[in-house]
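*Asks:* Residue numbers (our numbering), protein chains in the order written: chain A, 10 to 197; chain B, 115 to 241.
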């Protein structure tokens with residue numbers, strides 16, 4: 010009987026621009042088959058999504074990847090691949106609330122696409138790490154170049170990784186949790 | 115339940131034959147709590163013996179034999195999370211499921227004790 014057992018859900022966001030590897034990351038780590046959730050878009054987001062306003066508050070839905078990692082018998086971690094476009098920020102607010110933090114994936118050929126995510130987490134003081142996903146040419150850049158291009162704070166971790174490989178994705182999650190912990194120590 | 119027609123009343127891709135608001139009686143939120151998407155649901159003793167429930171409720175009780183989150187329930191039922199939230203709220207009100215919420219501190223983030231356990235668990239997974 011586990012009715013009274015303590016269970017703790019946790020969540021981490023995987024953010025970044027379109028096609029940067031968010032889905033690949035989530036799927037490389039998840040112990041459940043790839044699943045999509047749908048979030049209802051409310052009237053507040055109708056204006057930016059060009060949908061026709063209807064009396065029913067819920068007008069349309071968007072799909073989002075998520076995955077699950079059973080960490081131990083009482084901790085279950087969920088990963089959410091969050092759409093990068095700003096019109097989905099209404100979803101980010103719900104997902105970001107109570108989260109451990111985020112892995113922001115970057116394709117160095119298109120760095121500007123990760124800026125909305127970085128700004129979002131900076132503004133809300135949510136811990137994040139930068140995962141430079143290995144695309145052609147990504148090894149040609151130094152960490153200093155990347156920090157400079159993204160205007161990162163010195164304490165923000167930067168990792169080169171391959172979202173297709175579970176071990177690589179796992180290392181970025183470990184780096185994120187370490188970073189989040191170091192911030193709680195500072196704040197405390 | 116798969117392959118709903120294109121003229122489903124609730125606009126969504128793929129989907130169900132019955133509009134989602136028929137399942138929830140038109141409600142989009144349950145009384146009281148706004149459960150986060152990662153809230154975990156487990157069936158209770160009385161939930162295991164619940165009879166005469168509609169299909170969606172029975173499906174949730176079956177899924178919740180092991181801890182399952184709101185977002186997984188939504189995906190399994192092929193309904194938006196908001197609908198899953200209402201259905202789980204009903205089952206919780208009836209005492210058929212227990213809901214396990216995230217443990218967050220005053221700043222709204224998980225506390226150091228939970229983060230330490232998460233870190234330990236993730237490190238143990240790496241080869």
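Note that the Cβ used here is the ideal one computed from N, Cα and C, for glycine as well.
Where does residue 177(A) land, buried or exposed, given buried means 16+ other C-beta within 10 angstroms?
*Replies:* As a working mapping, residue 177(A) is identified with position 168 in the first chain. Buried, because 16 or more other Cβ atoms sit within 10 Å of the Cβ of residue 177(A).
*Asks:* Any beta-carbon of chain B closer than 8 Å to the one on residue 138(A)?
*Replies:* For this step, residue 138(A) is matched to residue 129 along the first chain. Not closer than 8 Å to any Cβ of chain B, the Cβ of residue 138(A) fails to qualify, so no.
*Asks:* Check the C-beta distance from residue 40(A) over to residue 233(B) and give it rounded, since I have them as a contact under 8 Å.
*Replies:* Translated into the one-based positions of the first chain, residue 40(A) becomes position 31. Translated into the one-based positions of the second chain, residue 233(B) becomes position 119. Contact flag wrong, Cβ pair sits at about 19 Å.
*Asks:* State the CB to CB distance for the pair residue 113(A) and residue 172(A), rounded to an integer number of angstroms; the pair is presumed to be in contact (CB under 8 Å).
*Replies:* Residue mapping note: residue 113(A) aligns to position 104 of the first chain, counting from 1. Residue mapping note: residue 172(A) aligns to position 163 of the first chain, counting from 1. Not confirmed; about 12 Å, so no contact.
*Asks:* Any Cβ of chain B within less than 8 Å of the Cβ of residue 189(A)?
*Replies:* For this step, residue 189(A) is matched to residue 180 along the first chain. Yes, residue 189(A) counts as interfacial toward chain B.
*Asks:* Just mark residue 162(B) as buried or exposed, buried being the case when its beta carbon has 16 or more other beta carbons within 10 Å.
*Replies:* Translated into the one-based positions of the second chain, residue 162(B) becomes position 48. Exposed, by the Cβ-count rule.
*Asks:* Which of the three DSSP states is assigned to residue 162(A) in this structure?
*Replies:* The count along the first chain starts at 1 and reaches residue 162(A) at position 153. Coil.
*Asks:* Using the C-alpha atoms, what's the distance from residue 210(B) back to residue 145(A)?
*Replies:* Within the first chain, residue 145(A) is the residue found at index 136, counting from 1. Within the second chain, residue 210(B) is the residue found at index 96, counting from 1. Using only the alpha carbons, I get a separation of about 53 Å.
*Asks:* Quick one: does residue 53(A) have its CB under 8 Å from some CB of chain B?
*Replies:* Reading the first chain from its first residue, position 44 is the one you call residue 53(A). No answer about residue 53(A) holds up, because its pLDDT of 42 lies below 50 and its placement is not dependable.
*Asks:* In the DSSP assignment, find the unbroken alpha helix (DSSP H) run with residue 18(A) in it and report its ends.
*Replies:* Here residue 18(A) refers to the residue found at position 9 when the first chain is read from its first residue. Careful: residue 18(A) lies outside any alpha helix (DSSP H), inside the beta strand (DSSP E) at 17 to 25.
*Asks:* I need the DSSP call for residue 127(A), collapsed to helix, strand or coil.
*Replies:* Position 118 of the first chain, counted from the first residue, corresponds to residue 127(A). Residue state, collapsed to three classes: helix.
*Asks:* Should residue 90(A) be flagged as near chain B, meaning a C-beta pair shorter than 8 Å?
*Replies:* For the purposes of this step, residue 90(A) is taken as the residue at position 81 of the first chain. No, no contact with chain B.
*Asks:* Would you verify that the beta carbon of residue 170(B) is, or is not, closer than 8 Å to some beta carbon of chain A?
*Replies:* Taking the first residue of the second chain as 1, we reach residue 170(B) at position 56. Chain A contact via Cβ: absent.
*Asks:* Could you tell me the alpha carbon to alpha carbon distance between residue 131(A) and residue 20(A), rounded to whole angstroms?
*Replies:* The residue labelled residue 131(A) in the question sits at position 122 within the first chain. The residue labelled residue 20(A) in the question sits at position 11 within the first chain. Approximately 18 Å, taken between the alpha carbons.
*Asks:* For a contact meaning CB atoms closer than 7 Å, what does residue 45(A) contact in chain E?
*Replies:* The structure shown contains no chain E; its protein chains are A and B.
*Asks:* For residue 118(A), which residues of its own chain have a beta-carbon under 7 Å away from its beta-carbon, when the five flanking residues on both sides are left out?
*Replies:* Here residue 118(A) refers to the residue found at position 109 of the first chain. Here the set comprises 144 and 146.
*Asks:* Flag this pair as touching only if the segment 157 to 174 of chain B and the segment 218 to 229 of chain B have three or more C-beta atom pairs under 8 Å; answer yes or no.
*Replies:* no
*Asks:* Do you know offhand how far residue 197(B)'s Cα is from residue 149(B)'s?
*Replies:* Taking the second chain and counting its residues from 1, the one referred to as residue 197(B) is at position 83. Taking the second chain and counting its residues from 1, the one referred to as residue 149(B) is at position 35. Cα to Cα, the separation comes out at about 11 Å.
*Asks:* Quick check: is the beta carbon of residue 174(B) nearer than 8 Å to any beta carbon in chain A?
*Replies:* As a position in the second chain, residue 174(B) is number 60, starting the count at 1. No, because no Cβ of chain A sits closer than 8 Å to the Cβ of residue 174(B).
*Asks:* Indicate the three-state DSSP secondary structure (helix, strand or coil) for residue 203(B) in the structure shown.
*Replies:* Stepping through the second chain from its first residue, residue 203(B) is reached at position 89. In the structure shown, residue 203(B) sits in a helix (DSSP, three-state: H, G or I).
*Asks:* Spatial neighbours of residue 158(B) within its chain, please: CB distance less than 7 Å, with the 5 preceding and 5 following residues excluded, ordered by chain position.
*Replies:* Within the second chain, numbered from 1, the residue matching residue 158(B) stands at position 44. 209, 210, 211 and 212.
*Asks:* Could you check whether the Cβ of residue 214(B) sits closer than 8 Å to any Cβ belonging to chain A?
*Replies:* Position 100 of the second chain holds residue 214(B). For residue 214(B), the answer is yes, since a Cβ of chain A falls inside 8 Å of its Cβ.
*Asks:* Counting along the chain, where does the alpha helix (DSSP H) carrying residue 187(B) start and finish?
*Replies:* Residue mapping note: residue 187(B) aligns to position 73 of the second chain, counting from 1. Residues 184 to 191.
*Asks:* Let me know if residue 204(B) comes out buried or exposed under the rule of 16 or more other beta-carbons within 10 Å of its beta-carbon.
*Replies:* One-based indexing of the second chain puts residue 204(B) at position 90. With 16 or more Cβ atoms within 10 Å of its Cβ, residue 204(B) is classed as buried.
*Asks:* With DSSP run on the structure shown, which of helix, strand or coil describes residue 75(A)?
*Replies:* Here residue 75(A) is taken as the residue at index 66 of the first chain, counted from 1. If DSSP states are grouped into helix, strand and coil, residue 75(A) belongs with the strands.
*Asks:* Whole angstroms are fine: how far does the CA of residue 171(B) sit from the CA of residue 201(B)?
*Replies:* Along the second chain, read from residue 1 onward, the residue named residue 201(B) stands at position 87. Along the second chain, read from residue 1 onward, the residue named residue 171(B) stands at position 57. Distance between the alpha carbons of residue 201(B) and residue 171(B) is about 7 Å.
*Asks:* What does residue 235(B) reach in chain A if we use C-beta pairs closer than 7 Å?
*Replies:* Numbered from its first residue, the second chain carries residue 235(B) at position 121. In chain order: 80, 81 and 84.
*Asks:* Who are the near neighbours of residue 182(B) in its chain, counting only those whose CB is closer than 6 Å to its CB and skipping five residues on each side?
*Replies:* As a working mapping, residue 182(B) is identified with position 68 in the second chain. Here the set comprises 155.
*Asks:* Under 8 Å, Cβ to Cβ, is there at least one residue of chain B near residue 129(A)?
*Replies:* Translated into the one-based positions of the first chain, residue 129(A) becomes position 120. So, not an interface residue.
*Asks:* If we call anything under 8 Å between Cβ atoms a contact, is residue 166(A) one with residue 184(A)?
*Replies:* If you number the first chain from 1, residue 166(A) lands on position 157. If you number the first chain from 1, residue 184(A) lands on position 175. Closer than 8 Å, so yes.
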